[in-house]
Amino acid sequence: MGENSLSVKMKNLRRRLRGLGSLLVAFSGGVDSTFLLAVSHEILGKGVVAATAVSNIHPIREQEEAIKFTRKNGIQHILFQSDETGLPEFISNGPDRCYFCKKALLTKLFDIADERGIEYVAHAANLDDLKDYRPGARAAQETGVIEPLVDVGLTKDEIRSLSRKMGLPTWDKASMACLASRIPYGEPITDKKLKMVEEAEDFLLSKGFRQFRVRYHGSVARIEVESSELKMIVREETRKAVIENIKG
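Next comes the structure, spelled out in structure tokens:
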């Protein structure tokens, strides 16, 4: 993607946001939502509000990073409780798990927007997301949430590039799906399993790993790391420490 094309997309994004008036942004603290929130705040100022779900399917560290970003940049930030593990359709963990989760989340966001008189609700889906199997996309269509990054055709790599130019700390942040994605379909989701995964991944993070997943398989945990970090995980001392931590 050439600089001119990227510049055009950025101009179109600013134009798209400028016409919204007031906006509630679903903010996870990840690459895409941080970029969308930053540009929205640049355009709308106090007209933009960030909203972050507090839930055990999201690592506490992600919530803390989201709070840090909004405080540093003077952006109004709402934290709200979401209870995915209270949804039978979610905890049964079928292939459409993400649909029920996303529908509940977006419904709550629209309730918050209505209470505060905010005109629009946006989430940070990007063009690459359309290529994957994402049951949550159906919930987005049903609720009417807007997708500014999709509207202007921005891909993940382009968002990282623009984030870097803007000096956003998330430009090279590793992609992190929710903790429920570590549990295979058909395996019931419980608070205990989610906590086990979160603690194991926090430990890997403390050991210097950047891109990883700890998959729950009953009595077995499968650890996935980037090829560039394979040397780290096979070191005897690291391997032993990881195993001991996961076993508890």
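The numbering of the sequence shown is our numbering, which starts it at 501 and goes up by one. The beta carbon of each residue, even a glycine, is placed where N, CA and C say it ideally should be.
Between the C-alpha atoms of Ala-566 and Trp-671, what's the straight-line distance to the nearest angstrom? 14 Å
Out of Ser-528, Leu-705 and Leu-609, which one is the CA nearest neighbour of Ile-646? Leu-609
Beta-bridge partners of His-577, as assigned by DSSP: Ala-550
Rounded to whole angstroms, what's the CA-CA distance from Thr-738 to Leu-730? Just pull it up for me. 11 Å
Please list, in chain order, all residues of the same chain as Val-554 whose beta carbon is under 8 Å from its beta carbon, the five residues on each side excluded. Gln-563, Leu-579, Phe-580, Gln-581 and Ser-582
Could you check where the alpha helix (DSSP H) with Leu-694 kicks off and where it finishes? 691-706
Looking only at its own chain, which residues have a Cβ that is under 8 Å from the Cβ of Tyr-685, when we skip the five neighbours before and after it? Asn-593, Gly-594, Pro-595 and Arg-597
Count the C-beta pairs between the stretch 502-518 and the stretch 646-660 that are closer than 8 Å, then say yes if the count reaches three, no if not. yes
Cα-Cα, which of Ala-700, Phe-709, Arg-634 and Glu-736 is closest to Ile-559? The question names Ile, yet the displayed sequence has Pro at residue 559. Looking at the Cα atoms, Ala-700 is the closest of the given residues.
From the DSSP output, read off the bridge partner residues of Phe-712. Val-725
Based on DSSP bridge pairs, tell me the residues matched to Ile-646. Ala-622
Report the partner residues of Ala-526 according to the DSSP bridge assignment. Ala-551
Drop a sphere of 10 angstroms on the beta-carbon of Leu-630, count the other beta-carbons inside from all chains shown, and report buried for 16 or more, exposed for fewer. exposed
Return the chain-ordered list of same chain residues with a C-beta closer than 7 Å to the C-beta of Ser-540, the five sequence neighbours on each side being excluded. Leu-517, Leu-523, Val-525 and Val-548
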